[in-house]
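Asker: Pasting a structure here, questions to come.
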Amino acid sequence: ELLMLPPFKFLADNTPGLIKVALRPPVCVDSVAGACATAVMDESGADLGVLDGTDIINEYSGQPKSTGLTDALEWSKEKGIEFYDWAKVEVPKAVDAVQKKVDEAKK
Numbered sequence: 007e008l009l010m011l012p013p014f015k016f017l018a019d020n021t022p023g024l025i026k027v028a029l030r031p032p033v034c035v036d037s038v039a040g041a042c043a044t045a046v047m048d049e050s051g052a053d054l055g056v057l058d059g060t061d062i063i064n065e066y067s068g069q070p071k072s073t074g075l076t077d078a079l080e081w082s083k084e085k086g087i088e089f090y091d092w093a094k095v096e097v098p099k100a101v102d103a104v105q106k107k108v109d110e111a112k113k
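So, in structure tokens, the structure goes:
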């Protein structure tokens with residue numbers, strides 16, 4: 007998903023050789039197979055052109071857009087909120103326990 011963002015697409019379009027290849031988003035083998043099968047079975051007679059690039063291959067094969075990065079960010083956000091809610095309760099308890107020990111040690 008990250009490599010499908012516009013800055014990476016721009017870099018991939020404008021860099022030479024293997025750098026260009028490395029910056030292209032990967033295409034799932036199932037998507038390529040699906041696109042090929044769809045192209046072979048297409049009886050509309052329409053000119054398909056070239057099926058090149060992740061977006062076109064996924065669209066033609068019916069594969070959904072990748073969401074790994076978005077899913078990871080959403081998961082991180084949820085876990086961050088859970089941690090914050092936990093810390094709001096547990097940190098004051100820990101501070102109180104340490105303060106008690108310090109006070110007892112002073113006696």
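Residue numbering for the sequence shown follows the numbering used here, beginning at 7 and increasing consecutively.
Glycine included, C-beta positions come from ideal geometry on N, C-alpha and C.
Taking the C-alpha atoms as reference points, what is the distance between Q105 and K112?
Answerer: 11 Å
Asker: Is the separation between the beta-carbon of L9 and that of L29 shorter than 8 Å?
Answerer: yes
Asker: Would you call A52 buried or exposed, if buried means 16 or more other Cβ atoms sit within 10 Å of its Cβ?
Answerer: Classification for A52: exposed.
Asker: Let me confirm a value: N20 is counted as buried when at least 16 other C-beta atoms fall within 10 Å, else exposed. Which label applies?
Answerer: Classification for N20: exposed.
Asker: For K26, which residues of its own chain have a beta-carbon under 6 Å away from its beta-carbon, when the five flanking residues on both sides are left out?
Answerer: These residues qualify, in order along the chain: A18.
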